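Asker:
Chains as they are written, first to last, in this note's numbering: chain U, 39 to 266; chain Y, 6 to 387.
#1: Should residue 342/Y go down as buried or exposed, given a rule of 16 or more other Cβ atoms within 10 Å for buried?
#2: Taking C-beta pairs closer than 9 Å, name the residues in chain Y that residue 56/U reaches, listed in chain order.
#3: Identify each residue in the region 218-246 of chain Y for which the Cβ-Cβ distance to at least one residue of chain U is less than 9 Å, and report them in chain order.
#4: Could you work out which residue in 64/U, 62/U, 63/U and 57/U is closest to residue 39/Y when comparing CA atoms only?
#5: Go to residue 367/Y, then tell me how far its beta strand (DSSP E) extends in each direction, as first and last residue.
#6: If we call anything under 8 Å between Cβ atoms a contact, is residue 153/U one with residue 147/U?
#7: With 8 Å as the C-beta to C-beta threshold (strictly closer), list the residues of the region 175-208 of chain U near chain Y in chain order.
#8: Going along the chain, which residues of its own chain have a beta-carbon closer than 8 Å to the beta-carbon of residue 80/Y, five neighbours each way excluded?
#9: Would you list, in chain order, the members of the region 62-89 of chain Y that have their beta-carbon closer than 9 Å to a beta-carbon of chain U?
#10: Based on Cα-Cα distance, which residue from 90/Y, 46/Y and 186/Y lies nearest to residue 67/U?
#11: In its own chain, which residues sit with a C-beta less than 6 Å from the C-beta of residue 95/Y, not counting the 5 before and 5 after it?
#12: Might you give, ordered along the chain, the residues of its own chain that have their beta carbon closer than 6 Å to the beta carbon of residue 163/Y, omitting 5 neighbours on each side?
#13: From this set, 182/Y, 329/Y and 209/Y, which residue's C-alpha is nearest residue 339/Y's C-alpha?
#14: Any beta carbon of chain U sitting closer than 8 Å to that of residue 333/Y?
#15: If you measure from the beta carbon of residue 82/U to each beta carbon in chain Y, is any gap under 8 Å?
#16: If you measure from the beta carbon of residue 44/U to each beta carbon in chain Y, is any gap under 8 Å?
#17: Give the interface partners of residue 50/U over in chain Y, defined as CB-CB distance under 7 Å, in chain order.
#18: Could you say which of 76/Y, 90/Y, 113/Y and 138/Y lies nearest to residue 101/Y if we only look at CA atoms?
#19: Answer with buried or exposed for residue 208/Y, where buried requires no fewer than 16 other C-beta atoms within 10 angstroms of its C-beta.
#20: Name the chain Y residues that come within less than 7 Å of residue 60/U, Cβ to Cβ?
#21: Could you check if residue 22/Y is buried or exposed, using at least 16 other CB atoms within 10 Å of its CB as the buried criterion?
#22: Are the region 246-257 of chain U and the region 56-71 of chain Y touching, with three or more C-beta to C-beta distances below 8 Å?
#23: For residue 195/Y, decide whether its Cβ has a neighbour in chain U, counting only Cβ atoms nearer than 8 Å.
#24: Please state if the CB of residue 142/U and the CB of residue 158/U are separated by a distance shorter than 8 Å.
#25: Counting only Cβ pairs nearer than 8 Å, list the residues of chain Y close to residue 68/U.
#26: Who are the Cβ neighbours of residue 110/Y in its own chain at under 6 Å, not counting the five residues just before and after it?
#27: Find the residues of chain U that neighbour residue 368/Y, judging by a C-beta separation of less than 7 Å, and give them in chain order.
#28: Taking the alpha-carbon of residue 314/Y as reference, which of 62/Y, 12/Y and 229/Y has the nearest alpha-carbon?
#29: Can you pull the DSSP bridge partners for residue 110/U?
#30: For residue 59/Y, count neighbouring C-beta atoms within 10 Å of its own C-beta (all shown protein chains included) and say buried if the count is 16 or more, exposed if not.
#31: Anything in chain Y within Cβ reach of residue 53/U, meaning under 7 Å, just list it in chain order.
#32: Given a limit of 8 Å on CB to CB distance, which residues of the region 272-304 of chain Y reach chain U?
#33: For a quick check, are the C-beta atoms of residue 166/U and residue 192/U less than 8 Å apart?
#34: Here's the rule I'm using: 16 or more other beta-carbon atoms within 10 Å means buried, otherwise exposed. How should residue 184/U be labelled?
#35: Where does residue 188/U sit, in a helix, a strand or coil, going by DSSP?
#36: Rounded to whole angstroms, what is the Cα-Cα separation between residue 252/Y and residue 191/Y?
Listed below in structure tokens is the structure:
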């Protein structure tokens, strides 16, 4: 028979172990303070001294651990960002976003024809909850997560709305911060592209075969007619 | 006007308020640090002495928080009852401050008159009567905010505090029965020489009941339903900001000190401890140390236990604590009569029997309440 209220003491023992252990074995008990990416690879003296100077940033996101993700970014394939941007302004992410922090407007040329890219693409930092659903639903692999975490700003209204041009990042940068994920995504895209091309080719083949058959039939009919 | 008496009263009260306000600041720091360490975090460690790089383990944090609170905008919701919205935090603080005066703290600077000013014969009764006002303040805040969450929090708080007041008082009754006095100083005096009430079966049971009820009375975790963040934002002080919020916060912690002080007086021997014969003023240190030990357990429990459901909370008060504390009064009554016989053998027998009765009753009640829990039926949307 268990002692009355024994579960509480068990729980208290667990928390006590955490409490005492955090003073003895910092690396094991304070795992969220993983500073192993630092040059000395150890807890720096007096953590929380960051930022040491006003305006100092740890904005070199390549130093953050690979699987960290914080806020979406838009990918382009290098060169002039708006020429190679993957986003086609299909607005799927805008509709799927649970807190509805994405705002997209389609881009049109001077004739009013829809060109496949966003004219406006805003994400509200203060609303975004870093859920990554926009990444999951995007059929064009155009939106992925950035590990940039220093998004605080002195401007309460404009500063918290990240504009399209600030969201645009190159695929090279994506490879830099999330190498594994980016490689997998590239491979997936290549496979999809190959499949699409094969399909296109097959369709073209089929069309050509059909055309040939039609032509042959027509020729047959002609000869038949000629014979009669 | 008797100016000498007035000065004596000021000597007794002003340092008391300063000491407990300082301890409040320290306790907020302690709580944040301890909770952080329990949750594998570090906690506040940046704020120390201003304009230097000395951080002193973040001990400057309470002062920084206080300054921030003072300068924050005081927002009163549109449609709120402005007068009661202002009165509620004051009323939350005053009762807890008042009862501090009746803790048997023998500060060395007190003279005979100032001690006499607070030598109330009905101190224990006074304590419960005054701290009962806290409920009113909480409900006032919830009502005056004109906010559904606040009102829900206020109503929860009233239900909770009224329910737990009863086991709280009933467990204090045992000590009053044993000592035969309601005077806090006399209760403390009766326990000198390690004769604390917590070292007896009925006293221990009463202490446990008292402590659990005290947790509920001060809205501490796991009974912090009135301010459950995940359900009702912050409960009754959702609409409070700036200094009014700070007053609520202060009131809550002072109430913790007061009720821990009462627990120390009733069960843990007041200022009793080693070394008193050499240095009489050590009793104050012992008293505060015992208060802090209780506060530390409260923080520890807050880091350990999840919040109860409302029906669990009410069920625990009415189905477990109330019968057990009433039974405990009976046991204590018999034990008192047995102790009057002054026979070691009978005393030992009494201890064994009362231990068995109390433990059996506790596990019986536990079993009785557990039997009604059925396996949960899940219902899915069609």
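Idealized CB from N, CA, C, for every residue including glycine.
Given the structure is predicted, the values throughout are model-derived calculations rather than measurements.
Answerer: Here's the rundown:
#1: exposed
#2: 42, 43, 44, 45 and 308
#3: none
#4: 57/U
#5: Unbroken run through residue 367/Y is the alpha helix (DSSP H), 349-375; no beta strand (DSSP E).
#6: yes
#7: none
#8: 244, 246 and 247
#9: 63
#10: 46/Y
#11: none
#12: 140 and 144
#13: 182/Y
#14: no
#15: Residue confidence is low: residue 82/U scores 46 on pLDDT, short of 50, so the model does not pin down where it sits. Its coordinate-derived value is still stated next. No - not a single Cβ of chain Y is within 8 Å of the one on residue 82/U.
#16: no
#17: 305 and 309
#18: 138/Y
#19: buried
#20: 42 and 45
#21: exposed
#22: no
#23: no
#24: yes
#25: 45, 46 and 47
#26: 289 and 292
#27: 42
#28: 229/Y
#29: 183/U
#30: exposed
#31: 43, 305, 308 and 309
#32: none
#33: no
#34: buried
#35: coil
#36: 33 Å
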